[in-house]
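Notes follow the structure.
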Amino acid sequence: MWPSSKGGVSVSYGHDGAGVYLPTVSAERPWQFARGHGHGYRFYDIGSTRTMVPPVKLISGSKSRRKKHRMYNQLLHSAASDVFVPSDLMASYAFESGTIASSNGYDPIQGALMDIGTVVSNGDNEDGNKAVAYAEGQSGGMDLCLASLDFVRKPFLQGEGNGGSLQAKLPMVRGRTSIEMHSPIQQIQFAPTPEPSVCPYSLVRTNMGTTLIRVWLEKDEGLGFEFEYGPEIPLEPVTETTAGNQVHATFSTWDWNQTAVIDSIGSWAVYQISDSGNMEKIYTGEPHTNDQQHISKWNRLLWGASIDSIMIANRRHVRYHDLRSNDSIELLTDPSDLMQICDISPSPLNDNENFVLTSEQLVWTDVRVPGKKLLSWDHFLHSKDPSLKLSMCGINGVATASLYSRLLPANVVYQFTQSNGLPISAEDPYYYVTSPDSVTQCLKTFRLSLQEDTSMENEQEGYEEQLFDESDIDEDDNQPRLLCCMRFSTEYGLYRHILSTDRDSRLESRRKRVEISESEADDFIPSHSDALYGDDYINTGKKTKDVYLYDFRSVYKSVFDIGNQLPPSPADTTNDDEQITAFAEALNSAIKANFKDKKKQIFTLGELAVPQTLMDDLNMVSSMVEDLQEHYSGTKISIFPLTYGLNTLFDEKVNNIADIYEHLVNLWVKPLDTESVSENVLIQRKNVCRHMATELALSCMGYHGTANENEKCKSEADNLPIEYLSKYSDSITKSKTQVSGTVNLLLREWPDEESSDTFIYRPLGKAVEEEPTQRMLDSSYIPPPPSLSQPASLPVTVSQRSSQPSTATMSLGSPKPRRFQSSQSQKSKKKKRTQGF
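Residue numbering for the sequence shown follows our numbering, beginning at 87 and increasing consecutively.
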């Protein structure tokens with residue numbers, strides 16, 4: 087122990103705490119201080135954050151609040167136009183409603199809504215599997231979700247000069263089972279796993295009480311695995327005479343057959359689970375007399391240094407109780423009325439030691455020295471923040487404490503250890519930033535293992551036994567240390583952060599081989615999710631060190647899920663002609679309908695019609711598009727390619743539907759390991775690629791129909807300037823400025839985003855001379871607007887592009903100009919024309 091006053095030793099920035107003169111330990115530095123350096127680990131976020139479970143948005147952001155404001159204004163001016171509602175009353179109502187529904191509202195009796203532990207596997211209490219349990223957001227936190235936590239090997243590249251490539255075992259969430267609790271969940275906990283058996287129960291506390299659920303994992307080599315759960319065991323109220331709600335429950339760290347519960351007024355009870363599954367109350371206790379003057383409902387209970395002792399904490403005191411004699415002593419108290427206890431956690435290294443987080447300090451205590459602090463750090467966080475929490479992890483004799491809060495978008499890390507028999511601070515505190523878009527509800531930290539990067543041929547994904555126990559992780563002083571932080575947000579999102587002591591290290595995925603078990607994982611990020619914080623990286627194989635692409639294979643999984651919903655291919659390939667004819671008829675009917683309705687905007691062919699089945703011969707779709715262009719050539723209907731779409735998605739080598747299909751197959755099908763992938767998976771993915779190639783090809787072809795000569799513009803087009811402005815701002819009143827139908831038509835046909843300096847102006851009385859072949863050279867040519875109803879002085883614009891050969895016609899689905907086809911048509915076989923036009 088350090089020489090100190092009754093309060094113990096305290097260290098801070100610029101204050102090294104107590105000192106001891108020990109010349110026999112170190113002659114160079116005979117003075118030893120409580121604030122040490124170089125005894126801990128400095129972890130860095132290596133940018134491998136992954137969304138394991140997407141969050142559920144419970145309250146709208148600033149954009150939605152603006153929408154609500156507009157909605158309230160509409161309500162005042164429309165439905166309640168004859169009733170006066172004070173604006174301050176409406177604003178007050180909106181603020182109170184938002185506060186009630188806010189996911190950031192802090193409830194002091196709410197515990198951790200996520201926990202990581204071990205569950206029984208295949209009904210054998212000596213065989214366990216790591217699992218994660220969390221409150222499911224889709225049900226508003228009323229369902230318990232259980233998922234297996236498996237570990238996959240990922241290449242881990244160290245920084246330059248720090249060694250070669252290693253393999254890291256990263257946690258992945260697989261297979262989920264939901265259990266209805268019929269009440270909002272307030273706490274979830276797995277029992278610790280004393281050797282040699284695994285606890286078959288999970289603890290869930292809701293607003294209606296605490297329940298133990300028997301959970302086990304059934305594994306099958308061929309069918310995979312699934313969670314099973316048995317009958318629920320509710321815990322009786324702590325006392326029959328009081329109506330205090332249960333605010334915390336916990337398993338014994340020494341015997342998982344024992345459970346303790348404490349209520350809001352400080353009464354507690356210890357229960358024993360019998361072999362038959364019945365619950366028996368074996369110990370009870372009343373609140374301490376000094377505790378009744380404190381109104382806060384926050385109470386915590388955890389086991390002490392033996393099975394016969396427990397610790398009870400409230401906002402002001404931590405007391406140590408002996409269950410056999412019912413005696414208690416004060417372990418930690420602070421006379422200051424401005425300081426309160428925020429959280430308490432046992433030490434991961436010593437059963438006699440605990441860490442207490444107060445509003446001003448992080449305190450290291452020992453039950454063998456009651457009433458005195460071994461060491462404390464001033465954290466300088468907000469002293470009025472009651473949501474401060476603590477997460478502990480042990481690393482090679484160093485107790486690592488992570489502080490987090492709902493007001494703090496970062497985690498602050500403190501480290502403590504023993505040096506020469508004295509408690510010291512291993513390193514100065516540091517922090518790493520989490521996502522500012524989510525608020526942390528609870529945090530779990532644990533070690534990850536590294537091993538030499540061997541051949542991946544024998545790699546198998548699966549659970550690594552006792553991976554959370556640092557004694558089972560092989561240590562190498564030359565290797566960096568990895569730390570995993572599983573973070574659960576207030577919006578029921580689960581995130582994984584990877585920290586490393588090597589700040590230049592990174593995780594990457596092998597591009598040449600796609601792991602099927604990962605591709606089929608159900609932890610993908612939906613496309614509508616706002617929590618796209620990144621993914622593992624893929625090395626592109628280029629020499630440049632910093633050239634990497636994001637690995638969206640988990641997102642591709644959501645794309646391949648549509649494979650089972652795709653229309654089947656024709657059983658007989660000879661029916662392809664009938665299928666393409668039916669598609670051509672549907673497309674032709676849609677074009678005629680749009681032209682009849684005088685719709686002047688540009689549509690893609692994919693918007694007009696889609697094939698009802700998958701086509702085995704994709705070239706037939708390209709031939710059908712060419713026939714469609716030829717069928718409408720010389721008419722007021724234009725079928726032209728939108729080459730910009732293809733150039734945006736692919737390179738210049740991809741210019742038709744067959745090229746798109748080959749590109750997708752090379753990207754998503756050929757990298758699969760055919761030895762470990764079933765034939766059904768390959769067929770399904772090829773069907774998806776064929777479906778996507780067809781939709782992309784049709785989406786890169788445009789349709790445009792011009793109006794009839796005597797057609798007048800519709801009345802809704804008379805307000806053209808306001809119509810364009812309405813895309814960018816709200817129009818309060820309609821403009822009184824109106825233009826004639828002919829001017830309106832001219833504005834409609836004017837090409838967007840082009841300079842008028844390049845146009846040629848001609849009087850309307852003269853016809854525009856044009857060679858017949860000139861129009862064929864540019865299949866995207868759109869005839870000028872009609873001129874019979876316009877005054878003679880009004881010019882008509884014709885783009886100079888119409889007089890130049892268009893390179894767009896050489897892309898997807900566009901036929902070559904006839905003068906380039908004349909020599910080839912004599913040598914090649916005459917193409918069969920698609921029926922249906």
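Don't be surprised by glycine CBs; every beta carbon is placed ideally from N, CA and C.
When L568, V301, S575, E577 are compared, the shortest CA-CA separation from R592 is found for L568.
Around L750, the same chain offers C775, M778, A779 as residues with beta carbons nearer than 7 Å, after the five sequence neighbours per side are excluded. Counting the other Cβ atoms within 10 Å of the Cβ of W754 gives 16 or more, which makes it buried.
In the same chain as D213, and ignoring 5 residues on each side of it, the C-beta atoms closer than 6 Å to its own belong to S207, in chain order. Looking only at V455, N497, I723, the smallest Cα-Cα distance to P522 is reached by N497. Segment contact: the region 524-533 against the region 463-478, three or more CB-CB distances shorter than 8 Å; contact assigned. In this structure, the beta-carbon distance from V284 to I274 does not fall below 7 Å.
Inter-segment contact for the region 330-343 and the region 258-269 is absent: fewer than three beta-carbon pairs are separated by less than 8 Å. Closest in C-alpha terms to G203, from the list R582, R121, S288, comes S288. Under DSSP, L529 shares a beta bridge with R573.
Residue pairing by DSSP places G214 opposite V206 in a beta bridge. By a beta-carbon distance limit of 8 Å, V499 contacts T486. Their separation comes to about 6 Å. Counting along the chain, D229 sits inside the beta strand (DSSP E) bounded by residues 229-243. Checking the DSSP bridge columns, you'll see C786 has no partner listed. For A355, the three-state secondary structure derived from DSSP is strand. R260 and G126 have their C-alpha atoms roughly 34 Å apart. Of the other Cβ atoms in all chains shown, 16 or more fall within 10 Å of the Cβ of I132; this residue is therefore buried.
In the three-state DSSP reduction, E318 falls in the strand class (E or B).
Per DSSP, the continuous alpha helix (DSSP H) segment holding E712 begins and ends at 705-717. Remark: C-beta atoms of S350 and N331 approach each other more closely than 7 Å. When only Cα atoms are considered, T760 and Q770 end up about 14 Å apart. Counted as a single uninterrupted DSSP element, the stretch harbouring D437 is not any alpha helix (DSSP H), since DSSP gives it neither H nor E. About 14 Å separates the Cβ atoms of M787 and P697, ruling out a contact at the 8 Å cut-off. In the three-state reduction of the DSSP assignment, H334 falls in the strand class, which pools E and B. According to the DSSP assignment, L753 belongs to no beta strand (DSSP E) but to the alpha helix (DSSP H) extending over 743-754. CA-to-CA, the gap between C428 and I396 works out to about 18 Å. Under a 10 Å Cβ-count criterion, P320 is classified as exposed, with fewer than 16 other Cβ atoms of the shown protein chains found around its own Cβ. Secondary structure note for G692: its alpha helix (DSSP H) is the uninterrupted segment 691-694. The residue among V356, L448, R402, E439 with its C-alpha nearest the C-alpha of R410 is V356. Setting aside the 5 residues that flank it on each side, L243 is surrounded in the same chain by S251, S591, R592, E594, each with a C-beta closer than 7 Å to its C-beta; the list follows chain order.
One thing to note: H468 has its Cβ no nearer than 7 Å to the Cβ of L448. R115 and S491 have their C-alpha atoms some 38 Å from each other. For the 7 Å CB-CB criterion, Y130 and S586 form a contact. L230 counts as buried, since no fewer than 16 other beta carbons sit within 10 angstroms of its beta carbon.
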